[in-house]
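To start, the structure under review is shown below, and the notes come after it.
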Amino acid sequence: MRFMVIVKATKDTEAGILPSTEEFAAMGRFNEELVKAGMMEAGEGLHPTAKGARIDFARGQARVSRGPFDLTGDLAAGFWMIKAGSLDEVIEHMKRAPFPSGQIEIRQVYAAEDFGETFTPELRAQVERLREQAVKG
Amino acid sequence: MRFMMLMIPLGYESAPPDVELDPERVAAMMRYNEALKDAGVLITLDGLHPPSTGARVSFTGGKPIVTDGPFAEAKEVLGGYWMIEVASREEAIAWAKQCPASENEIIEIRQVQEMTDFSEEVQKAAAGFEELPRAGRA
Chain B
1 MRFMVIVKAT KDTEAGILPS TEEFAAMGRF NEELVKAGMM EAGEGLHPTA
51 KGARIDFARG QARVSRGPFD LTGDLAAGFW MIKAGSLDEV IEHMKRAPFP
101 SGQIEIRQVY AAEDFGETFT PELRAQVERL REQAVKG
Chain Z
1 MRFMMLMIPL GYESAPPDVE LDPERVAAMM RYNEALKDAG VLITLDGLHP
51 PSTGARVSFT GGKPIVTDGP FAEAKEVLGG YWMIEVASRE EAIAWAKQCP
101 ASENEIIEIR QVQEMTDFSE EVQKAAAGFE ELPRAGRA
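Structure, rendered in structure tokens:
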């Protein structure tokens, strides 16, 4: 099973306040543990919403708004992609993340077999091809 | 520059664990994904199960507190994401506008932080961890 761990934005992340060197090093050590446990696929931080944009598709038309966006408690500041046997396993690891405050959200990633018959063999083949051919940075 | 396109389907915050997908919409989205790939901009993409099957871990006061989904207070939740490599924010926006999204959906575009965005001191602190996996850096 694959999981996305979403790091929620805070006033600090939205203000562009970066972690201290110590906090950075602590997170590096935590990530190192995830890698050693064979769980970490990727991890990234996102610039504040002030540098981002949103596109609304109401009435079939794409309407663009520029950041910053209101901190509703649901904005993302970063994420991990994690491989694990269960949601509980992810929770147990992530409880040890070196965050002094804030919140993270853990969500299971869809796999082709979760879609049942909706996801035809042709669509499955297309997904596999996309993954193989996607750019590598 | 790497950007994340965050798909926010309004209403997904209260979706049941076994939410059904519309085959026509899936096919349209796959054609869009194919176009991203053919243009050489797609790094990776994923869809997420509804929050009713997820969990949140809060660190208020330095102690982890676990809450199982669905999250009553959530107004917007992620339904999935694309990671793309483009030359500018404008290019990312242009791609997002072409998405065959539904009326209830919003795509948020956010630039991904690179090591070079940080101070020298921070880069030094992270220097030993360069081998960590990063999307599109495999």
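As you go down the protein sequences, you meet chains B and Z in turn. Under our numbering, the residue at position 7 of the first sequence is numbered 7, and the numbers go up by one with no gaps. Under our numbering, the residue at position 23 of the second sequence is numbered 23, and the numbers go up by one with no gaps. Backbone N, C-alpha and C fix where the C-beta goes; we use that ideal spot for every residue, glycine too.
Beta-carbon within less than 8 Å of residue i's beta-carbon, same chain only, minus the 5 sequence neighbours each way: which residues are those?
i	result
Ala35 (chain Z)	Gln98
Ala28 (chain Z)	Pro100
Arg110 (chain Z)	Phe3, Met4, Leu6
His47 (chain B)	Gly16
I'd like to know if residue i contacts chain B, where contact means its C-beta is closer than 8 Å to some C-beta of that chain.
i	result
Ser102 (chain Z)	yes
Gly200 (chain Z)	A question about residue 200 (chain Z) goes unanswered here, because the residues of chain Z that appear run from 1 up to 138.
Thr116 (chain Z)	no
Val26 (chain Z)	yes
Val19 (chain Z)	no
Ser88 (chain Z)	no
Apart from the five residues on each side of it in sequence, which residues of its chain come closer than 6 Å, Cβ to Cβ, to residue i?
i	result
Pro68 (chain B)	Thr49, Ala50
In terms of alpha-carbon separation, which member of the options lies closest to residue i?
i	options	result
Leu42 (chain Z)	Z:Gly79, Z:Ala96, Z:Glu73	Z:Ala96
Thr67 (chain Z)	B:Phe24, B:Ile91, B:Pro100, B:Asp70	B:Ile91
Phe71 (chain Z)	B:Ala62, B:Ile106, B:Glu14, B:Gly116	B:Ile106
Thr60 (chain Z)	B:Lys8, B:Phe30, B:Ala134, B:Glu41	B:Lys8
Met39 (chain B)	B:Ala77, B:Ser86, B:Ala53	B:Ser86
Ser101 (chain B)	Z:Gly62, Z:Asp38, Z:Ala55, Z:Ala39	Z:Gly62
Met83 (chain Z)	Z:Asp22, Z:Glu73, Z:Gly47, Z:Glu20	Z:Gly47
Gln133 (chain B)	Z:Ala94, Z:Thr44, Z:Gly79, Z:His49	Z:Thr44
Flag residue i as yes if its beta-carbon sits less than 8 Å from any beta-carbon of chain Z, otherwise no.
i	result
His93 (chain B)	no
Glu113 (chain B)	no
Asp56 (chain B)	yes
Thr10 (chain B)	no
Lys51 (chain B)	yes
Leu71 (chain B)	no
Going along the chain, which residues of its own chain have a beta-carbon closer than 7 Å to the beta-carbon of residue i, five neighbours each way excluded?
i	result
Val127 (chain B)	Ala112
Asp74 (chain B)	none
Ala138 (chain Z)	Below a pLDDT of 50, predicted positions are generally treated as unreliable, and Ala138 (chain Z), at 38, falls in that range; the measurement from the model is reported next regardless. There are no such residues.
Val55 (chain Z)	The sequence shown places Ala at residue 55 (chain Z), not Val. Result list for Ala55 (chain Z): Val66, Thr67, Asp68, Gly69, in chain order.
Val109 (chain B)	Arg2, Phe3, Met4
Since residue i and residue j are thought to touch, with beta carbons under 8 Å apart, how far apart are those beta carbons, to the nearest angstrom?
i	j	result
Lys95 (chain B)	Arg2 (chain B)	Incorrect: roughly 19 Å between the Cβ atoms, too far for contact.
Ala15 (chain Z)	Ser52 (chain Z)	7 Å
Arg63 (chain B)	Glu103 (chain Z)	Contact flag wrong, Cβ pair sits at about 11 Å.
Could you pull out every unbroken beta strand (DSSP E) segment of at least 3 residues lying fully inside the region 85 to 111 of chain Z, listed in chain order? If only complete runs of 3 or more residues are kept, the region 85 to 111 of chain Z shows the beta strand (DSSP E) at 105 to 111, in order along the chain.
Taking only runs that begin and end inside the region 34 to 72 of chain B, name each unbroken beta strand (DSSP E) of 3 or more residues, in chain order. Runs of the beta strand (DSSP E) inside the region 34 to 72 of chain B: 40 to 45, 53 to 56, 63 to 66.
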